[in-house]
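Participant:
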Amino acid sequence: MAKMLDIFRALADPTRLRIVQLLRTMELSVGELAQVLAQSQPRVSRHIKILCDAGVAERRKEGSWVFIAPGPNLVTGPLFQAIDAWISALGEDHWHIADAARLAAVRADRAAAAERYFADHADHWDSLRSLHVPEAEVEAAMRRVLGAETLGTLVDIGTGTGRMIELFGHQARHAIGIDRSPEMLRVARGKLTVTGVDGWELRQGDIMALPLEKGSVDTVLLHQVLHYLPAPEAAIFELARIMAPGGQLLIVDFAPHSHEELRAQDAHARLGFSDDQIAHWCRAAGLQMVQTHELAGSALTVKLWLARRLEAKTLQVISG
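Heads up, the sequence shown is in the working numbering, so the first residue is 1 and it goes up one at a time.
(1) How many Å lie between arginine 46 and alanine 10 at the Cα?
(2) Looking at the structure shown, is threonine 301 part of a helix, part of a strand, or coil, going by DSSP?
(3) So, using beta-carbon positions, are valine 145 and valine 302 closer together than 7 Å?
(4) Valine 317 to arginine 203, Cα distance in whole Å?
(5) With distances taken from CA atoms, which of Thr159, Gly147, Ala12, Thr150 is nearest proline 182?
(6) Going straight from the alpha carbon of arginine 283 to that of valine 225, what length do you get?
(7) Nearest-angstrom Cα distance between isoleucine 165 and tryptophan 200?
(8) Tell me the rounded alpha-carbon separation between leucine 250 and proline 14.
(9) Could you tell me which whole beta strand (DSSP E) segments of length 3 or greater appear in the segment 184-229?
(10) Using the C-alpha atoms, what's the distance from isoleucine 19 back to lysine 49?
(11) According to DSSP, simplified to helix, strand and coil, what is alanine 231?
(12) What is the residue span of the alpha helix (DSSP H) that leucine 37 lies within?
(13) Do arginine 173 and lysine 214 have their CB atoms nearer than 7 Å?
(14) Between the segment 230-249 and the segment 281-298, do three or more beta carbon pairs fall short of 8 Å?
(15) Which same chain residues, not among the five before or five after leucine 210, have their C-beta less than 7 Å away from its C-beta?
(16) Take the Cβ of glutamine 265 as the centre, count every other Cβ of all protein chains shown within 10 Å, and call the residue buried at 16 or more, exposed below.
(17) Which residues mark the beginning and the end of the beta strand (DSSP E) in which histidine 259 is found?
(18) Can you name, in chain order, every residue of its own chain whose Cβ lies under 8 Å from the Cβ of glycine 77, other than the five neighbours on each side?
(19) Identify the residues that DSSP records as bridge partners of aspartate 109: which are they?
(20) Using CA coordinates, which residue listed in Arg60, Ala307, Leu310 is at the minimum distance from serine 29?
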């Protein structure tokens, strides 16, 4: 009862109700919320503290930035259903309409920042892409491997620009992008706000200690990330930890190659992987390799490996 009272007290303010509605649309920084609400940052911060203390919202730190997101679905789900029912019965008020218009300006600012980033780095990225298979071919191969069925809870590790969520977020019940770099997360946030994909979130985190519960993920994507890692086998163990029984892991990376310059120029820790390496690491982590595909490029060959998390009974047989 005390927790319920905290929730209703937190919502008993028009500004906090506006914040809750805005967070349903997208995660926002304190500065962005202040911009939309046309209020000072200290005042908005006080409202956010009340919402977070009640569990209606939560903070996520990305470098020096802090983003605000809705709280756990157990708390916010029933609230959102009630709000939707009231809006359907009573109609939208002028604040909701005005906030939606100002939120469009925030979306535009994010998109412009992302475009500036790409413009600044275009030459370097183009030179790297010229070595291997065009991204369109790789993405088409990923679509064929994953198929058209629902992907459940989807996690994209090393999400970078958010491209994988843009491609596959429509098939997911919920999509989470994780990256160590707060700069890349801001780029991804700018891109994803204008794609039309719903139900996504971004988190700062390390692949060796993912901010996710054991067995909570149905589909994991690891697109051109593994070759940056000094201990890829340990990373696969961590990915297996978060996967639900029957869940799937799609790794996209390079076959073994001899382009040593990529170590110095692009911080590649590994010069590609063999099928045997990936299959061995997956088996050790309780995953079973189910598909392997190869896409030959001009200098680098791209590989796709699809593995599944073994069911609990199968794991017991293997360990026994």
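Beta carbons: idealized from backbone N, C-alpha and C, even for Gly.
Facilitator: On the basis of the data shown:
(1) Taking the first residue of the sequence shown as 1, we reach residue 46 at position 46. Taking the first residue of the sequence shown as 1, we reach residue 10 at position 10. Distance between the alpha carbons of arginine 46 and alanine 10: 11 Å.
(2) Residue numbering aside, residue 301 sits at position 301 when the sequence shown is read from its first letter. Looking at threonine 301 - three-state DSSP - the assignment turns out to be strand.
(3) As a working mapping, residue 145 is identified with position 145 in the sequence shown. As a working mapping, residue 302 is identified with position 302 in the sequence shown. The answer is no: Cβ separation not under 7 Å.
(4) By 1-based counting over the sequence shown, the position of residue 317 is 317. By 1-based counting over the sequence shown, the position of residue 203 is 203. A caution first: valine 317 carries a pLDDT of 42, below 50, which makes its placement in the model unreliable, though a value can still be read off. Answer to the nearest angstrom: the Cα atoms are 36 Å apart.
(5) The residue given as residue 182 occupies position 182 in the sequence shown. Nearest of Thr159, Gly147, Ala12, Thr150 to proline 182, Cα basis: Thr159.
(6) Against the sequence shown, residue 283 aligns to sequence position 283. Against the sequence shown, residue 225 aligns to sequence position 225. Straight across, the Cα-Cα distance linking arginine 283 with valine 225 is about 20 Å.
(7) Taking the sequence shown and counting its residues from 1, one reaches residue 165 at position 165. Taking the sequence shown and counting its residues from 1, one reaches residue 200 at position 200. Their Cα atoms are separated by approximately 8 Å.
(8) Here residue 250 refers to the residue found at position 250 when the sequence shown is read from its first residue. Here residue 14 refers to the residue found at position 14 when the sequence shown is read from its first residue. Roughly 45 Å between the two C-alpha positions.
(9) 200-204, 217-223
(10) For the purposes of this step, residue 49 is taken as the residue at position 49 of the sequence shown. For the purposes of this step, residue 19 is taken as the residue at position 19 of the sequence shown. Each residue's Cα considered, the two are about 12 Å apart.
(11) Translated into positions along the sequence shown, residue 231 becomes position 231. Three-state result, alanine 231: coil.
(12) For the purposes of this step, residue 37 is identified with residue 37 of the sequence shown, where counting begins at 1. Per DSSP, leucine 37 belongs to the alpha helix (DSSP H) from 30-37.
(13) Locating residue 173 in the sequence shown gives position 173, counting from the first residue. Locating residue 214 in the sequence shown gives position 214, counting from the first residue. No, these two residues do not count as a Cβ contact at 7 Å.
(14) yes
(15) For the purposes of this step, residue 210 is taken as the residue at position 210 of the sequence shown. Here the set comprises Ile178, Glu238, Ile242.
(16) Position 265 of the sequence shown holds residue 265. Counting Cβ neighbours within 10 Å, glutamine 265 comes out exposed, since fewer than 16 surround it.
(17) Translated into the one-based positions of the sequence shown, residue 259 becomes position 259. Neither: histidine 259 is in no beta strand (DSSP E) and is coded neither H nor E.
(18) Position 77 of the sequence shown, counted from the first residue, corresponds to residue 77. Within the same chain, glycine 77 has no close Cβ partners at all.
(19) Along the sequence shown, one-based indexing puts residue 109 at 109. Beta-bridge pairing links aspartate 109 to no other residue.
(20) Within the sequence shown, residue 29 is the residue found at index 29, counting from 1. Measuring from the Cα of serine 29, the nearest candidate turns out to be Arg60.
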